[in-house]
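Peer 1: In my numbering, the protein residues as written are 1 to 447.
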Ligand SMILES: [Mn+2]
């Protein structure tokens, strides 16, 4: 037993494991981002090893439409990972044994049959102390203690959901300790130099986003010239002197473009190296995230399960998706964001809206106001918002603000305090932004 994880969580997990043990076939539903795909890989591998049949579906999220899919799937036993908290009542009314492994905050609903495992129910913060993949991992070892090697995949989920940035806590801290003890995960110092072959890793880098280098081949070339580094090298082949030189040139550029102290501290945070993957959790998370974004979640799962064909498909998806991301972020950097009193915003049709908000917040926008994007399609507009831990300390809560603003104009919203989404009927975006601006202002001045 471990004091970072409450004993009650272990007993909840072991009863969830008992539910699944009673079935020969399990239907798994998970979210299609890096965390959700990591959770799905862990659960799939767990079922394969347990000799259970399983079906697996990745969803873009839970809404009335995707819930119908779950409702009509006909399975006697289901595991729903990285989502589900917003549909607990409906799930509980179904005639099936259901385990929900979610870390989003929801309302407390009395449940008769569904086993809901969520850090928030055990006095932990689901934004930082455990994600979908961490819970899938805890579930996996509750089912069979021989599954500890899968902790490597869990770290792709933890890093994918950015839960590592302020140091590991709660379930994640426990997973690191146990995974490290068994030699599967080790921590190394953080770095400003993106890992991989330098020419492409610098060109594709959005974390950090380096103005004039990210998305700019000539910029990459002259940075490597200035650093005196052989352009064919990979980040891990650099000598200590080369690393220092290149790092300090990147740091100077980041400082000049207005990168915050908080971001510098985040970048210095530990990187997690995964023994069997000969890469770090960030790279693995990036590949899984790209697969999800490109609608190739299946390839991501196959890659995670060790299928060679899927691994080349996943690598290609990663390159393509990172290319799109960096050009979206560079375009936003050159255009800038529009400023309101308490928020800054932009319109985009890019599929990387969340990444763009985050890059603006951390690397080049105004760090004192949450960054908000909206994307208008035919009937519905979708919005994303990101802020910083500093803004959270000042009182900002994007989950509440996006929900209030979305609901006020006939839609909805929610998520985490630091990263959240909303939707509403097209044409209402001005009104939505005005309400959001007011709510954020109230949150900050109330503190
Ligand atoms: Mn998640």
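Each residue gets a CB set at the ideal place from its N, CA and C atoms; glycine is no exception.
For residue 437, which residues from the same chain have a beta carbon less than 8 Å from its beta carbon, with the 5 sequence-adjacent residues on both sides left out?
Peer 2: Within the same chain, residue 437 has close Cβ partners 340, 341, 342, 343.
Peer 1: Out of curiosity, what's the CA-to-CA distance linking residue 254 and residue 114?
Peer 2: 48 Å
Peer 1: Is the segment 404 to 423 touching the segment 381 to 388, taking contact as three or more C-beta pairs under 8 Å?
Peer 2: yes
Peer 1: Name the residue from 337, 233, 285 whose alpha carbon lies nearest to the alpha carbon of residue 36.
Peer 2: 285
Peer 1: Might you give, ordered along the chain, the residues of its own chain that have their beta carbon closer than 8 Å to the beta carbon of residue 78, omitting 5 neighbours on each side?
Peer 2: Excluding residues within five positions, the ones whose Cβ falls inside 8 Å are 26, 27, 28, 29, 70, 96, 97, 98, 99.
Peer 1: Could you give the DSSP three-state label for residue 102: helix, strand or coil?
Peer 2: coil
Peer 1: Does the pairing of the segment 142 to 153 with the segment 230 to 237 give three or more beta-carbon distances under 8 Å?
Peer 2: Judged by Cβ distances under 8 Å, the segment 142 to 153 makes no contact with the segment 230 to 237, as fewer than three pairs qualify.
Peer 1: Hey, which unbroken runs of the alpha helix (DSSP H) at 4 residues or more fall wholly within the segment 97 to 179?
Peer 2: 132 to 143, 151 to 160
Peer 1: Give the list of continuous beta strand (DSSP E) stretches no shorter than 3 residues that lie fully inside the segment 316 to 372.
Peer 2: 344 to 347
Peer 1: Contact check, residue 288 vs residue 304 under 8 Å by CB: the rounded distance?
Peer 2: By a beta-carbon distance limit of 8 Å, residue 288 contacts residue 304. Their separation comes to about 7 Å.
Peer 1: How many Å lie between residue 269 and residue 166 at the Cα?
Peer 2: Going from the Cα of residue 269 to the Cα of residue 166 covers about 7 Å.
Peer 1: In the DSSP assignment, the beta strand (DSSP E) including residue 6 goes from what residue to what residue?
Peer 2: Neither: residue 6 is in no beta strand (DSSP E) and is coded neither H nor E.
Peer 1: Mapping the DSSP letters down to three states, classify residue 66 as helix, strand or coil.
Peer 2: helix
Peer 1: Is residue 132 near ligand 1, in the sense that its beta carbon is under 6 Å from a heavy atom of that ligand?
Peer 2: The answer is yes for residue 132.
Peer 1: So what does DSSP say about residue 293, is it helix, strand or coil?
Peer 2: Judged by DSSP in its simplified three-state form, residue 293 adopts helix.
Peer 1: For ligand 1, is there a heavy atom less than 6 Å away from the beta-carbon of residue 125?
Peer 2: no
Peer 1: Between the segment 119 to 138 and the segment 76 to 91, do at least 3 Cβ pairs fall closer than 8 Å?
Peer 2: yes
Peer 1: Could you give the distance in angstroms between the alpha-carbon of residue 1 and the alpha-carbon of residue 243?
Peer 2: Per-residue confidence for residue 1 stands at a pLDDT of 46, beneath the threshold of 50, marking its modelled position as unreliable; no derived number is given.
Peer 1: Let me check you understand the geometry: is the CB of residue 161 closer than 6 Å to at least one non-hydrogen atom of ligand 1?
Peer 2: yes
Peer 1: To which residues of the same chain is residue 132 closer than 8 Å at the C-beta, ignoring the five residues directly before and after it?
Peer 2: 30, 31, 35, 36, 38, 39, 81, 82, 83, 101, 102, 103, 157, 161
Peer 1: If you draw a straight line from the alpha carbon of residue 106 to that of residue 317, how long is it in whole angstroms?
Peer 2: C-alpha separation (whole angstroms): 33 Å.
Peer 1: Answer yes or no: do residue 213 and residue 220 have a C-beta to C-beta separation smaller than 7 Å?
Peer 2: yes
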